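Taking it in order: structure first as structure tokens, then the write-up.
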Amino acid sequence: MKRFRPDVDAPEYHGPYAPYDIIKEGTIAFLVVAILVVALATLFGSPDEQAVTIRTWSNADPIDFATTALGELNGTTITAHYGAPYNHGSLGQELGPLHLANLVGVTIPVNPIQDFIIAPLSSVPNDHPLRVALAQWHAAPRAERATWVARYTRAAAHMTWSNGHIVVPATRTGPLGVMINSLTQMARSGALDQALVTGHGFYTTDYTKPLLFVADGTYFANLAKHQHLLGAQWGMMNETDSYPGQAWLWLYTFWYQVPPFSSSPNADVQVWAIMMLASLLLLLVPFIPGLRSIPRKVRVYRVIWREHYRSL
Amino acid sequence: MAGLALLAALFPLDHLGGYIHWGWVDISYANAIVVALMVIVFVAALLAPFPGHGRRKESR
Amino acid sequence: MSSPDIERQWTTRLRHRVTGHLPPEKVLPDTQPAYVASWIYVFGVTTMVALSMVILTGFVLAIRGPLWWHTSGVGHYVNSLHLWSVEVFFFAMVIHLWGKFFMAAWRGRRALTWVTGVVTFLTSIAAAFTGYVSQTNFDSQWISTQAKDGINATGAGSIFNVLNLGQMLMWHIVLLPLVAVILTAVHVVLVRVRGVVPPFEDAPPEKP
């Protein structure tokens, strides 16, 4: 006969049986849960903070919007140097020698300069100065564009918003002044919100581009910080206002708070790797010696089955 | 509509909530309450007497 | 057709297999071993009924589409029911998991029951997450733009684009609930087939 392994095999039960009405139990459970849910919903409701649009962003903080647009041009935004799956801006995060996203490649192409700036501006009708500016941009060699962007960027620390215009004290910046101002006007009118989602024709359900653009600004992150939602604030498990959030993500968000992940440029992929491993451990508890002995050794089962042991 | 106003939450949690800071632990009151309740309910489920036993049938 | 021919039919053999493993008195038992006497046992069924509340309230939200709840008092209330069902669902599921862990409920050829339970738990986390990013409000904007970095870093972001509302909504209301319900069904069938795990044998504590 095979040896009895207490953490793998269960003893044969020859004891008594008791009446147990599982349908009644299920019905009562349903009623209790239904009443509880109705009570919680009636007492506390649920949160619904309005979505940020590029229109609300650029009206609330035109300088942040214009600075972000400039960041797309000079390649300093998150999206500009993201890498796969959006573009070739970087190799992306690495796990040991592997750049996993980069291995899969660019599957959701986002070119911030073209998609966030040039294409929307090109859709504006009947704007002669803008058309001249875009023609100048398109005709210029790469080096000249870079020079314009560099000069504009150097002066951008002194950017002001006056009389409905973005003003930057810089000269010889080519078409940039017109482009940034036109894009800001477009954003403030709401037209840019539309221009960014209509990339697939009439219908769309894909908000990749406007979300990436909004997330590149500091306005969006400041709203989130105010709501205590930043990654460094255990934000993943928090909810807007005072509602409970995805508390079950505690272990996932925990790793982001502690070294070395709290300062690692590859924290995302490292934490994901850990969580995959943790999930696998949980899944395989019945097969892992040591782990599967914990319940027998901590003896909580003595409390659960106390009636049974008392009757022996 | 009055009927719809009745559906509004009685005590909406639509204000910024408080957070417990303790070292690198940073948890909202709401989540802390949920987690604490989970532990309390778990312990209560272990300790509370379960009704209805004692009506045992013979083993079969 | 002679009776041995009938016995060899796939249909007949499947029926015998099913009824062999799951006779009616196992599907709907009216007694349980006497050791099934603790409140901890109610959290499995509580998780299931909370799941049914999640699905029922989700049905109502689906009737008038994903934006309805922003503009209707009734819609917002149904959204509140949906949210709190989810909170109760996870609350009960985690307690169920703790309870089953401390009973070592995988013993006696019940490992697959544990495994399907854990996979259901992980699927539920994904289902809830896709719901959070399908809210079409500030919360969904923030959660999706944050979560994209983690998912992209694994390479999965190339097919699972959390910034694509249509894709996330489809996963949330079709794919993941379907998987969660099927897994739950398998999990429950396994519990019924194998029965509730018996207590550890009362042996003296191990010698050091």
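Protein chains in written order, with numbering that gives the first Met the number 0: chain E, 0 to 311; chain L, 0 to 59; chain P, 0 to 207.
All C-beta atoms in this analysis are idealised placements derived from N, C-alpha and C, irrespective of residue type, glycine included.
Values in this document were obtained by computation on a predicted structure and should not be read as measured data.
query: Classify Gln-31/P as helix, strand or coil using the three-state DSSP reduction.; result: strand
query: Where in the segment 127–170 of chain E do unbroken runs of the alpha helix (DSSP H), each at least 4 residues long, occur, reported from the N-terminal end onward?; result: 127–138 and 141–154
query: Among Tyr-81/E, Leu-69/E, Glu-71/E and Tyr-19/E, whose alpha-carbon lies nearest the alpha-carbon of Lys-147/P?; result: Tyr-81/E
query: Per DSSP, what kind of secondary structure is Ile-77/E in: helix, strand or coil?; result: coil
query: Please list the terminal residues of the continuous alpha helix (DSSP H) segment that includes His-69/P.; result: 67–70
query: Can the beta-carbon of Arg-191/P be found less than 8 Å from the beta-carbon of Leu-21/P?; result: yes
query: Counting only C-beta atoms, is Leu-42/E closer than 8 Å to chain L at any point?; result: yes
query: Please confirm whether Val-117/P has its beta-carbon closer than 8 Å to some beta-carbon of chain L.; result: no
query: Counting beta carbon pairs with one atom in the segment 251–271 of chain E and one in the segment 285–304 of chain E, are three or more of them shorter than 8 Å?; result: no
query: For Arg-54/L, which residues from the same chain have a beta carbon less than 7 Å from its beta carbon, with the 5 sequence-adjacent residues on both sides left out?; result: Unreliable placement is indicated for Arg-54/L, whose pLDDT of 47 sits below 50; the coordinate value is still reported in the next sentence. None.
query: Please report the straight-line C-alpha distance between Thr-112/P and Gly-189/E, rounded to a whole angstrom.; result: 53 Å
query: Pair every Cβ in the segment 132–144 of chain P with every Cβ in the segment 79–99 of chain P, then say whether three or more of these pairs are closer than 8 Å.; result: no
query: Let me see if you follow: with CB-CB separation under 8 Å, is Ile-303/E close to chain L or not?; result: yes
query: Check the Cβ of Pro-84/E against every Cβ in chain P and list those closer than 7 Å, keeping chain order.; result: Asn-151, Gly-156 and Ser-157
query: Return the residues of the segment 4–29 of chain P that lie within a Cβ-Cβ distance of less than 9 Å from chain E, sorted by chain order.; result: Leu-27, Pro-28 and Asp-29
query: Anything in chain E within Cβ reach of Trp-23/L, meaning under 7 Å, just list it in chain order.; result: Gln-256 and Val-257
query: What residue does the beta strand (DSSP E) around His-20/L start on, and which one ends it?; result: 18–21
query: Quick check on this structure: which residue in Val-17/P, Thr-122/P and Gly-64/P has the alpha carbon closest to the alpha carbon of Leu-182/P?; result: Thr-122/P
query: In whole angstroms, what is the alpha-carbon distance linking Pro-15/E and Glu-200/P?; result: 16 Å
query: Any idea which residues DSSP pairs Asn-205/E with across the strands?; result: The sequence given here has Asp at residue 205/E, not Asn. Answer is Asn-163/P.
query: Look up Tyr-16/E in the DSSP assignment and say whether it is helix, strand or coil.; result: strand
query: Within the continuous beta strand (DSSP E) that includes Val-24/L, where are the two ends?; result: 24–27
query: Can you tell me whether Val-177/E is buried or exposed, with buried defined as 16 or more other CB within 10 angstroms of its CB?; result: buried
query: Keeping to the same chain, check which residues put their C-beta closer than 8 Å to that of Ser-312/E; ignore five residues upstream and five downstream.; result: Outside the displayed span of chain E (0 to 311) sits residue 312/E, for which this structure offers no information.
query: Should Val-148/E and Leu-191/E be called a contact, given that it needs their Cβ atoms to be closer than 8 Å?; result: no
query: Do Thr-45/P and Ala-104/P count as a contact pair if the criterion is CB distance below 8 Å?; result: no
query: Would the segment 31–42 of chain E count as touching the segment 59–71 of chain P if we require 3 or more Cβ pairs under 8 Å?; result: no
query: Under a three-way DSSP split, which group does Leu-94/E fall into?; result: strand
query: Mark Ala-61/P as exposed unless 16 or more other C-beta atoms lie within 10 angstroms of its C-beta, in which case mark it buried.; result: exposed
query: Starting from Asp-267/E, follow the alpha helix (DSSP H) in both directions and report where the run begins and ends.; result: 266–282
query: Rounded to the nearest angstrom, what separates Ala-68/E and Pro-285/E at their Cα positions?; result: 54 Å
query: For the segment 126–135 of chain E against the segment 91–106 of chain E, do three or more pairs of beta-carbon atoms, one drawn from each stretch, fall closer than 8 Å, so that the two count as touching?; result: no
query: Counting Cβ pairs closer than 8 Å, one from the segment 158–165 of chain E and one from the segment 53–70 of chain E, do we hit at least three?; result: yes
query: Give the straight-line distance between the Cα atoms of Val-7/E and Pro-198/P, rounded to the nearest whole angstrom.; result: 12 Å
query: Within a Cβ cutoff of 7 Å, which residues of the same chain sit near Thr-26/E, ignoring the five residues on either side of it in sequence?; result: none
query: Against chain E, does Ala-47/L count as a neighbour if the rule is that its beta carbon must be under 8 Å from one of theirs?; result: no
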